[in-house]
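Chemist:
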Amino acid sequence: MFSQPEDRENYKYPTDGLLQVCGVVKAHEMREPPHLDVHREKALLVIKNGLATGTTVGRANGLYSFTRVYTEGEAALTSIETAILPYDKQHGPFSANGDSGAIILDRSGRIVALLTGGAGTHNEVDVTYGTPYWWLEGQIKTAFPDCHLYPAVD
39 MFSQPEDREN YKYPTDGLLQ VCGVVKAHEM REPPHLDVHR EKALLVIKNG LATGTTVGRA
99 NGLYSFTRVY TEGEAALTSI ETAILPYDKQ HGPFSANGDS GAIILDRSGR IVALLTGGAG
159 THNEVDVTYG TPYWWLEGQI KTAFPDCHLY PAVD
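The following block contains the structure:
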């Protein structure tokens with residue numbers, strides 16, 4: 039997750055080795071990622087722990103796609119999806135069947151997306167799709183204005 043030394047400068051590794059989930063990656067950060075990958079290109083590096091594939095690392099590409107469900111010609115539901123790509127070809131796919139519902143985090147523990155599905159053949163091309171949490175959180179708070187989505191943990 040820290041392919042460039044300058045990205046590690048202010049990072050504090052958790053003493054218990056567990057990444058604390060706190061905060062949300064906003065839309066502008068997904069479009070203008072703060073991290074550098076192994077090629078020194080800007081990237082939003084992400085991590086998830088899914089039931090099928092365990093802990094994997096990937097890259098959010100910052101592009102959005104609108105998904106609509108139609109019932110009798112009318113748009114009943116609309117969602118936003120973003121693509122997550124594997125970190126590289128050596129580490130395999132970012133997700134597989136059975137990982138749906140996993141939370142995708144950035145390396146500081148902020149929520150990036152909720153894993154919703156994938157596409158491609160796992161031995162050559164793999165794309166994972168997730169609903170960006172900044173959007174999902176707005177939808178939840180509209181429907182349940184008094185909810186507390188992530189209380190602080192001591």
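Residue numbers are given in this note's numbering: position 51 of the sequence shown equals residue 89, and the series is strictly consecutive. Glycine included, C-beta positions come from ideal geometry on N, C-alpha and C.
In whole angstroms, give me the CA-to-CA distance for G61 and L74.
Modeler: As a position in the sequence shown, residue 61 is number 23, starting the count at 1. As a position in the sequence shown, residue 74 is number 36, starting the count at 1. Their backbone Cα atoms lie some 21 Å apart in a straight line.
Chemist: How do the region 171-184 and the region 81-88 stand: do at least 3 beta-carbon pairs fall below 8 Å, yes or no?
Modeler: In short, these stretches do not touch, since the Cβ pair count stays below three.
Chemist: Which stretch, first to last residue, makes up the alpha helix (DSSP H) that contains Y167?
Modeler: Residue numbering aside, residue 167 sits at position 129 when the sequence shown is read from its first letter. Here Y167 belongs to no alpha helix (DSSP H); instead the beta strand (DSSP E) covers V165 to P170.
Chemist: Please give me, in chain order, every unbroken run of the alpha helix (DSSP H) with length at least 4 that falls completely inside the region 46-87.
Modeler: Fully enclosed alpha helix (DSSP H) runs of 4 or longer: 65-69.
Chemist: Throw me the rounded Cβ distance for the G158 and Y167 pair, which I believe falls under 8 Å.
Modeler: Numbered from 1 along the sequence shown, position 120 holds the residue referred to as residue 158. Numbered from 1 along the sequence shown, position 129 holds the residue referred to as residue 167. Rounded, the Cβ-Cβ distance is 11 Å, inconsistent with contact.
Chemist: Give the single residue among G92, A98, K80 and K50 whose Cα lies nearest to the Cα of V63.
Modeler: The residue you call residue 63 lines up with position 25 of the sequence shown. Closest by alpha carbon: A98.
Chemist: Spatial neighbours of G136 within its chain, please: C-beta separation below 6 Å, excluding the five flanking residues on both sides.
Modeler: As a first step, residue 136 must be located in the sequence shown, where it is residue number 98. Result list for G136: L89 and A90, in chain order.
Chemist: Spatial neighbours of T93 within its chain, please: C-beta separation below 8 Å, excluding the five flanking residues on both sides.
Modeler: For the purposes of this step, residue 93 is taken as the residue at position 55 of the sequence shown. Counting only Cβ-Cβ distances below 8 Å, and skipping sequence neighbours, we find I85, K86 and N87.
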